[in-house]
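What follows is a single structure, written as structure tokens, with notes after it.
In my numbering, the protein residues as written are 316 to 579.
Okay, structure coming up:
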């Protein structure tokens, strides 16, 4: 057990070392962060500047909209690159020589991605909220409706962190299953934006939408009362996390006996 623990710890340190030298992945993460904050600030300004004052309501979800609309797509691309880019550069072979158990390598990378996705979600929500308040106030509008109570802000953080973790596991699963950067990015970006939208919302097959992963993940955040889920909206996020975790486990299992790529 101690040897396995030491091997896992060594791989976690290897992930941090790899991240410091991954200029492409870090650039994607930085651009995703900046784009999420900018979009969140834009959403906040549009909401405050053009909403009906008589219907104004506390809505701390508005600044976090950039993370939901842009940030998670960037996290998907970044996760695929972290998982598969090392193989194309030959780093995978070196890591396998140090740690022959492929599952340990995949799990270490998955834990690394999960931890950073949580940090990314929390920092993005907080920075977006502060930036939105500053910009809205500078432009002469009242920003009090963007702040909310500690409980409301905490709820948004829980929603965004849960969604970030689920997105990371979902992406990791498909990346490990596809084992190809191009295919994996195509699948994880296509599915939430196009794939689930192709399911009918009316008719005999409308019930299928109730079990789609991203529909469930967003139900609590969006407060969509028209969507009749088989469970309360917060449980939709739990359902999304469970499906994503299963997908990640399948991906790790499929990679457990992968051989060295001697062509790298």
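Where a beta carbon is used, it is the ideal one built from N, C-alpha and C, also for glycine.
{"Asked": "Residue 309 (DSSP reduced to helix, strand or coil)", "Found": "What is shown of the chain runs 316 to 579, which leaves residue 309 out entirely."}
{"Asked": "Beta-carbon proximity check, residue 481 vs residue 556, cutoff 9 angstroms", "Found": "yes"}
{"Asked": "Length of the line joining the Cα atoms of residue 349 and residue 561", "Found": "31 angstroms"}
{"Asked": "Whole-angstrom distance between residue 477 and residue 517, CA atom to CA atom", "Found": "29 angstroms"}
{"Asked": "Residue 366, DSSP secondary structure in three states", "Found": "coil"}
{"Asked": "As assigned by DSSP and simplified to three states, the class of residue 544", "Found": "coil"}
{"Asked": "Local conformation of residue 500 per DSSP, three classes", "Found": "helix"}
{"Asked": "Pair within 9 angstroms by beta-carbon distance, residue 355 and residue 393", "Found": "no"}
{"Asked": "Within 9 angstroms, strictly: CB atoms of residue 533 and residue 383", "Found": "yes"}
{"Asked": "Distance between residue 471 and residue 440 (C-alpha atoms, nearest Å)", "Found": "8 angstroms"}
{"Asked": "Residue from 514, 391, 488, 500 with nearest C-alpha to residue 565", "Found": "488"}
{"Asked": "Cα-Cα separation, residue 545 to residue 337", "Found": "43 angstroms"}
{"Asked": "Inter-residue spacing [alpha-carbon to alpha-carbon] between residue 507 and residue 449", "Found": "32 angstroms"}
{"Asked": "Any 3 or more C-beta pairs closer than 8 angstroms across the stretch 429-445 and the stretch 375-391", "Found": "yes"}
{"Asked": "Beta-carbon spacing of residue 395, residue 473 below 9 angstroms", "Found": "no"}
{"Asked": "CB contact flag (residue 360, residue 454, <9 angstroms)", "Found": "yes"}
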